[in-house]
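Participant:
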Amino acid sequence: HEFRSSVCRLLLASGLSQLRGLRATSKDWRDRSAEPLLAELLARLTRKGSASRRAAVYALGHIAGKGDGSIIAAVASRLADHRDSVRLATIEVLPRLVEPGDPGLLDAVKSFLPSPDWRLREAALHALASIAETGDSAALAAATELLGDNERYVRMAALRTLASLAGRGNQQVVCTVVARIEDSDAALRQAALSCLAWLVEVGDKRIVAAVAACLRDPEHWQIRQTAVSTLAQLAQRGDQIIIGAIAERLEDEDWPVRGAAVDALGKLADASDVSVASHLLPCLEDCAPYVRCAAVERLAALAEQGSADTTSRLMQRIQGWEFGVHECHCMVRRALAEALERLGCGSAESLLLRGVAPLAVEV
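For what it's worth, the working numbering labels the leading residue of the sequence shown as 6, then goes sequentially.
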């Protein structure tokens, strides 16, 4: 059937790709007799309607495997398309088709970094992160230059591209990213905190202290949450100063921050550290189901590591709940059952069925 809508054409091509499982290698095309579909999509790249060309680019990105030179050349030709929408689609799709380090495509992608259209600049940065090789000085310099872009989404893309290409331990990039955690744009500060987890060696006290300072951001819970999660990856296990700072976030007014703090404490605690269990046990009664569930899982993990005290206190608390009879959220009840199973108290399925009130989801 001939579909008039480019959206329908794209959905058709994408659906066929998923049904046939064709996103592997170019050889799969030949083995599975998909040449007619491939030929049709390639023909659509030069059709008069820009919507048809754009749909064909996206469809080829979903279906074709990496390294097919003829498909790469055909799709890359759309970088010169007179429509911004087609060029944007091409920039987004090319990283799916090429291997990192292709010099010709790197130069083609970089040519869009000065584009007046911020969407093309953002897409070019994302493509650069995928196509350039780690440590590529020219790509790093290009991304650094766009940290001062007037569009926030471009600045965030530049920051993530830097973190992706720099590699862990690149001090110049680390300093650049650390400077952004004091940026006036909250979204950029949050992105910088996330990027530090990719760049910094575990235990770097200067960076850990800079991230910890963000735990008390007065306006943005997303920054507090990201700071907690980043510290869980950068702080040394057993660091009592950081554990204490994160434990304060268990009282945060926003439950995503409390949930992140529970998860971080579980990751940073030593098996012999009973203080962490003392912090986590009250979280079993948090008003947010996610926080209660995270507390159950982290306490069970600590108990599995050999902490007899944690095991005893967790079992006492669970028995006090009469195995969660008063817990109304099914996610938490499931976590309780699985925790008890891990601690040798029977299978999760049997524990859930043993005299427990019907499961109900909290509204």
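We treat Cβ as the ideally placed atom computed from N, Cα and C, and that holds for glycine.
Run through the region 231-273 for me and flag every whole beta strand (DSSP E) of 3 or more residues, listed as ranges in chain order.
Facilitator: Counting only runs of 3 or more, we get nothing.
Participant: Using a Cβ-Cβ cutoff of less than 6 angstroms, which residues in the same chain neighbour glutamate 97 once the five nearest sequence positions on both sides are dropped?
Facilitator: Along the sequence shown, read from residue 1 onward, the residue named residue 97 stands at position 92. Ala128, listed in sequence order.
Participant: Is the beta carbon of arginine 173 less than 9 angstroms from the beta carbon of valine 205?
Facilitator: Counting from one through the sequence shown, the residue named residue 173 turns up at place 168. Counting from one through the sequence shown, the residue named residue 205 turns up at place 200. In contact: arginine 173 and valine 205 (Cβ atoms closer than 9 angstroms).
Participant: For alanine 215 and isoleucine 186, what's the separation of their Cα atoms in angstroms?
Facilitator: Within the sequence shown, numbered from 1, the residue matching residue 215 stands at position 210. Within the sequence shown, numbered from 1, the residue matching residue 186 stands at position 181. Roughly 8 angstroms separates the two Cα atoms.
Participant: Find out if the Cβ-Cβ distance for the pair serine 120, arginine 126 is shorter than 9 angstroms.
Facilitator: Position 115 of the sequence shown, counted from the first residue, corresponds to residue 120. Position 121 of the sequence shown, counted from the first residue, corresponds to residue 126. Cβ distance < 9 angstroms, so serine 120 and arginine 126 count as in contact.
Participant: Check this for me: beta carbons of leucine 198 and cysteine 180, under 9 angstroms apart or not?
Facilitator: Here residue 198 refers to the residue found at position 193 when the sequence shown is read from its first residue. Here residue 180 refers to the residue found at position 175 when the sequence shown is read from its first residue. No, the pair does not count as a contact, with Cβ atoms beyond the cut-off.
Participant: Pop quiz: alanine 300 and leucine 289 are said to be a contact at Cβ under 8 angstroms. What is the actual Cβ separation, rounded to whole angstroms?
Facilitator: Along the sequence shown, read from residue 1 onward, the residue named residue 300 stands at position 295. Along the sequence shown, read from residue 1 onward, the residue named residue 289 stands at position 284. Right, their Cβ atoms sit about 5 angstroms apart.
Participant: Going straight from the alpha carbon of threonine 166 to that of leucine 130, what length do you get?
Facilitator: Counted from its first residue, the sequence shown places residue 166 at position 161. Counted from its first residue, the sequence shown places residue 130 at position 125. Distance between the alpha carbons of threonine 166 and leucine 130: 6 angstroms.
Participant: Quick check on this structure: which residue in Ala250, Asp259, Pro261 has the alpha carbon closest to the alpha carbon of histidine 284?
Facilitator: For the purposes of this step, residue 284 is taken as residue 279 along the sequence shown, with counting starting at 1. Checking every option, the nearest Cα to that of histidine 284 belongs to Ala250.
Participant: Please go through the same chain and pick out, in chain order, the residues whose beta-carbon is closer than 7 angstroms to the beta-carbon of glycine 106, but skip the five residues on each side of it.
Facilitator: As a first step, residue 106 must be located in the sequence shown, where it is residue number 101. Correct list, in chain order: Glu138.
Participant: Roughly how many angstroms lie between the CA atoms of leucine 345 and alanine 252, to the nearest whole one?
Facilitator: To locate residue 345, count along the sequence shown from 1; it is residue 340. To locate residue 252, count along the sequence shown from 1; it is residue 247. If you take the alpha carbons of leucine 345 and alanine 252, they lie about 25 angstroms apart.
Participant: Going by Cα to Cα distance, which pick from Arg211, Val267, Asp259 is closest to alanine 237?
Facilitator: Translated into the one-based positions of the sequence shown, residue 237 becomes position 232. Per the Cα distances, Val267.
Participant: Taking the alpha helix (DSSP H) that aspartate 112 falls in, what are its first and last residues?
Facilitator: As a first step, residue 112 must be located in the sequence shown, where it is residue number 107. Note, aspartate 112: alpha helix (DSSP H), 108-115.
Participant: Enumerate, from N- to C-terminal direction, the unbroken alpha helix (DSSP H) stretches of 4 or more residues contained entirely within the region 130-201.
Facilitator: As far as the region 130-201 is concerned, its whole alpha helix (DSSP H) runs of at least 4 residues are 142-150, 157-171, 176-184.
Participant: Whose C-alpha, out of Gly140, Ile228, Ala56, Ala163, is nearest the C-alpha of alanine 171?
Facilitator: Within the sequence shown, residue 171 is the residue found at index 166, counting from 1. It is Gly140 whose Cα lies nearest to the Cα of alanine 171.
Participant: Exposed or buried, threonine 51, counting other C-beta atoms within 10 Å across all chains shown (16 or more means buried)?
Facilitator: By 1-based counting over the sequence shown, the position of residue 51 is 46. When all chains shown are included, threonine 51 counts as exposed.
Participant: Who are the near neighbours of glutamine 227 in its chain, counting only those whose CB is closer than 6 angstroms to its CB and skipping five residues on each side?
Facilitator: Numbered from its first residue, the sequence shown carries residue 227 at position 222. So the list reads Gln195, once near-sequence residues are dropped.
Participant: Counting C-beta neighbours from all protein chains within 10 Å, is the total for serine 75 16 or more, i.e. buried, or is it exposed?
Facilitator: The count along the sequence shown starts at 1 and reaches residue 75 at position 70. Result: exposed.
Participant: Could you check what DSSP says for alanine 282 in three-state terms: helix, strand or coil?
Facilitator: Translated into the one-based positions of the sequence shown, residue 282 becomes position 277. Correct three-state label for alanine 282: helix.
Participant: With distances taken from CA atoms, which of Arg49, Lys53, Lys272, Ala69 is nearest alanine 60?
Facilitator: Counting from 1 along the sequence shown, the entry for residue 60 is found at position 55. It is Arg49.
Participant: When the Cα atoms are used, what is the spatial distance from leucine 348 to alanine 342?
Facilitator: Translated into positions along the sequence shown, residue 348 becomes position 343. Translated into positions along the sequence shown, residue 342 becomes position 337. Roughly 10 angstroms between the two C-alpha positions.
Participant: Could you round the C-beta distance between arginine 303 and glycine 271 to whole angstroms and report it? I think they count as a contact, below 8 angstroms.
Facilitator: As a first step, residue 303 is located in the sequence shown; it is residue number 298 there, counting from the start. As a first step, residue 271 is located in the sequence shown; it is residue number 266 there, counting from the start. Contact flag correct, Cβ pair sits at about 3 angstroms.
Participant: Please report the distance separating the alpha-carbon of serine 82 from that of alanine 143.
Facilitator: Within the sequence shown, numbered from 1, the residue matching residue 82 stands at position 77. Within the sequence shown, numbered from 1, the residue matching residue 143 stands at position 138. Roughly 24 angstroms separates the two Cα atoms.
Participant: Hey, could you find the ends of the alpha helix (DSSP H) cysteine 298 is sitting in?
Facilitator: Sequence index remark: in the sequence shown, residue 298 carries index 293 (1-based). Counting along the chain, the alpha helix (DSSP H) containing cysteine 298 begins and ends at 294-309.
Participant: So glutamate 45 is in the alpha helix (DSSP H); what residue range does that whole segment cover?
Facilitator: As a first step, residue 45 is located in the sequence shown; it is residue number 40 there, counting from the start. 40-49 is the span of the alpha helix (DSSP H), which, as asked, contains glutamate 45.
Participant: Which residue comes first and which comes last in the alpha helix (DSSP H) that contains serine 57?
Facilitator: Residue numbering aside, residue 57 sits at position 52 when the sequence shown is read from its first letter. Unbroken alpha helix (DSSP H) run through serine 57: 55-68.
Participant: With distance defined between alpha-carbon atoms, name the residue in Ala202, Arg339, Arg157 nearest to alanine 192.
Facilitator: On the sequence shown, residue 192 is found 187 positions in, with the first residue counted as 1. Considering only alpha carbons, the answer is Arg157.
Participant: Measure from the alpha carbon of lysine 53 to the alpha carbon of each residue in Gly66, Gly70, Asp86, then state which is nearest.
Facilitator: As a first step, residue 53 must be located in the sequence shown, where it is residue number 48. Checking every option, the nearest Cα to that of lysine 53 belongs to Asp86.
Participant: Need the endpoints of the alpha helix (DSSP H) that valine 207 sits in, please.
Facilitator: For the purposes of this step, residue 207 is identified with residue 202 of the sequence shown, where counting begins at 1. No alpha helix (DSSP H) contains valine 207, which DSSP labels as neither H nor E.
Participant: Once you ignore the five residues that flank valine 91 on each side, which residues in its own chain have a CB closer than 8 angstroms to its CB?
Facilitator: Locating residue 91 in the sequence shown gives position 86, counting from the first residue. Counting only Cβ-Cβ distances below 8 angstroms, and skipping sequence neighbours, we find Ser55, Arg58, Arg59, Val62, Arg83.
Participant: Taking the beta carbon of valine 207 as the centre, do at least 16 other beta carbons fall within 10 Å, making it buried, or is it exposed?
Facilitator: As a first step, residue 207 is located in the sequence shown; it is residue number 202 there, counting from the start. So valine 207 counts as exposed.
Participant: Taking only three categories from DSSP, how would you classify proline 100?
Facilitator: Here residue 100 refers to the residue found at position 95 when the sequence shown is read from its first residue. Residue state, collapsed to three classes: helix.
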